[in-house]
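Heads up: the structure comes next, in structure tokens.
Residue numbers (my numbering), protein chains in the order written: chain A, 353 to 417; chain B, 5 to 163.
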């Protein structure tokens with residue numbers, strides 16, 4: 353099982369750039385890029401921050417495939 | 005290939021280690037047969053190392069701040085990358101130190117076993133001088149620093 357996410361899709365729906373989202377959750381743009389490309393698995397804290405910022409449930413943002 | 009501020013900072017570290025190895029290590033390589041007291045110009049070289057290090061990093065990081073004005077957040081991914089790269093550096097350093105200490109220890113045991121005089125050595129044994137220990141330590145420092153920073157750069161690009 354691989355941990356994947358819909359971060360890019362939800363970010364674009366909100367009309368946010370990678371940099372804007374990064375600033376909102378307090379990480380670097382590279383971290384957002386890495387998460388969107390499934391290279392980096394965020395901690396629970398960052399996952400929850402991303403879900404809160406994008407107004408979705410964390411299980412809607414991250415899923416196993 | 006667009007590089008981030010942190011990736012360029014890592015490249016600055018790699019370049020420093022390589023330049024240090026090429027500029028200063030030859031002096032210690034030439035003097036490895038000597039002891040500390042007999043090394044000519046050692047004080048001058050040490051002062052040069054300190055001053056050039058301060059100047060290099062001041063200029064490099066000032067230039068970095070000029071070209072990348074926006075402050076980059078340090079986050080959990082940076083912590084993960086630092087942990088992994090420093091862990092590799094730590095293990096390499098520890099392993100190398102154990103090998104060097106073992107080598108020196110074996111050299112001392114040989115001297116006792118065969119009752120050798122100060123300048124006598126066995127065919128398969130090397131008499132380690134202070135200069136050689138300093139050279140080996142600096143070589144290790146530069147080599148491991150390059151490996152650690154290169155691994156850090158690799159993680160920054162791929163994780």
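Cβ atoms here follow ideal geometry from the backbone N, Cα and C, with glycine treated the same way.
*Flag this pair as yes or no: are the beta carbons of residue 134 of chain B and residue 7 of chain B separated by less than 8 Å?*
Within the second chain, numbered from 1, the residue matching residue 134 of chain B stands at position 130. Within the second chain, numbered from 1, the residue matching residue 7 of chain B stands at position 3. No; because the gap between Cβ atoms is not below 8 Å, this pair is not in contact.
*Taking Cβ-Cβ distances shorter than 9 Å, what residues in chain B pair up with residue 383 of chain A?*
Looking up residue 383 of chain A in the first chain gives position 31. Those within 9 Å of residue 383 of chain A in chain B are 77, 79, 80, 81 and 82.
_Residues near residue 17 of chain B by beta carbon distance below 6 Å, same chain, minus five either side_ = Locating residue 17 of chain B in the second chain gives position 13, where the first residue counts as 1. The answer, listed in chain order, is 153.
*Thinking C-beta only, is residue 26 of chain B closer than 8 Å to residue 49 of chain B?*
In the second chain, counting from the first residue as 1, residue 49 of chain B sits at position 45. In the second chain, counting from the first residue as 1, residue 26 of chain B sits at position 22. Cβ atoms of residue 49 of chain B and residue 26 of chain B: not closer than 8 Å.
_Distance between beta carbons of residue 380 of chain A and residue 76 of chain B, contact taken as under 8 Å_ = Along the second chain, one-based indexing puts residue 76 of chain B at 72. Along the first chain, one-based indexing puts residue 380 of chain A at 28. Sure, about 5 Å apart at Cβ, within 8 Å.
*Once you ignore the five residues that flank residue 31 of chain B on each side, which residues in its own chain have a CB closer than 6 Å to its CB?*
Residue mapping note: residue 31 of chain B aligns to position 27 of the second chain, counting from 1. So the qualifying residues of the chain are 49.
*Taking the C-alpha atoms as reference points, what is the distance between residue 42 of chain B and residue 138 of chain B?*
Here residue 42 of chain B refers to the residue found at position 38 of the second chain. Here residue 138 of chain B refers to the residue found at position 134 of the second chain. If you take the alpha carbons of residue 42 of chain B and residue 138 of chain B, they lie about 13 Å apart.
_Please list, in chain order, the residues of the segment 386-410 of chain A that have any C-beta partner in chain B closer than 9 Å._
386, 387, 391, 392, 394, 395, 397 and 398
*asked:* Is there a C-beta anywhere in chain B that falls below 8 Å from the one on residue 354 of chain A?
replied: Counting from one through the first chain, the residue named residue 354 of chain A turns up at place 2. No, no contact with chain B.
*Does any CB atom of chain B fall closer than 8 Å to the CB of residue 378 of chain A?*
The residue labelled residue 378 of chain A in the question sits at position 26 within the first chain. So yes, residue 378 of chain A belongs to the interface.
*Name the DSSP bridge partner or partners of residue 415 of chain A?*
Numbered from its first residue, the first chain carries residue 415 of chain A at position 63. Note: residue 415 of chain A sits in a beta bridge opposite A:356.
*Measuring CB to CB, does residue 357 of chain A end up less than 8 Å from residue 416 of chain A?*
Mapped onto the first chain, residue 357 of chain A falls at position 5. Mapped onto the first chain, residue 416 of chain A falls at position 64. Cβ distance not < 8 Å, so residue 357 of chain A and residue 416 of chain A don't count as in contact.
*asked:* Suppose the cutoff is 8 Å on Cβ atoms and the five residues either side in sequence are ignored; what does the same chain contact list for residue 399 of chain A look like?
replied: To locate residue 399 of chain A, count along the first chain from 1; it is residue 47. Excluding residues within five positions, the ones whose Cβ falls inside 8 Å are 410, 413 and 414.
*Would a C-beta distance cut-off of 8 Å place residue 383 of chain A and residue 81 of chain B closer than the cut-off?*
In the first chain, the residue the question calls residue 383 of chain A occupies position 31. In the second chain, the residue the question calls residue 81 of chain B occupies position 77. A contact, by the Cβ cut-off of 8 Å.
*asked:* Looking at residue 148 of chain B: is its Cβ nearer than 8 Å to the Cβ of residue 97 of chain B?
replied: Start at 1 with the first residue of the second chain, and residue 148 of chain B comes out as number 144. Start at 1 with the first residue of the second chain, and residue 97 of chain B comes out as number 93. One thing to note: residue 148 of chain B has its Cβ within 8 Å of the Cβ of residue 97 of chain B.
*In or out: residue 119 of chain B buried (at least 16 other Cβ within 10 Å) or exposed?*
Position 115 of the second chain, counted from the first residue, corresponds to residue 119 of chain B. Flag for residue 119 of chain B reads exposed.
*Neighbour list for residue 14 of chain B in chain A, Cβ cutoff strictly below 8 Å*: Counting from one through the second chain, the residue named residue 14 of chain B turns up at place 10. Near residue 14 of chain B there are no residues of chain A at all, since even the closest Cβ is about 12 Å away, more than 8 Å.
*Grouping DSSP H, G and I as helix and E and B as strand, with all else coil, what is residue 135 of chain B?*
Counted from its first residue, the second chain places residue 135 of chain B at position 131. Of the three classes helix, strand and coil, the one that applies to residue 135 of chain B here is helix, per DSSP.
*Name the two residues that bound the continuous alpha helix (DSSP H) containing residue 377 of chain A.*
Taking the first chain and counting its residues from 1, the one referred to as residue 377 of chain A is at position 25. 370-377 is the extent of the alpha helix (DSSP H) around residue 377 of chain A.
*So which residues of chain A does residue 163 of chain B contact, with C-beta pairs closer than 9 Å?*
To locate residue 163 of chain B, count along the second chain from 1; it is residue 159. By Cβ distance, chain A contributes 386, 391 and 392.
*State the Cα-Cα distance for the pair residue 150 of chain B and residue 112 of chain B, rounded to the nearest angstrom.*
Sequence index remark: in the second chain, residue 150 of chain B carries index 146 (1-based). Sequence index remark: in the second chain, residue 112 of chain B carries index 108 (1-based). Rounded to whole angstroms, residue 150 of chain B to residue 112 of chain B spans 32 Å at the Cα level.
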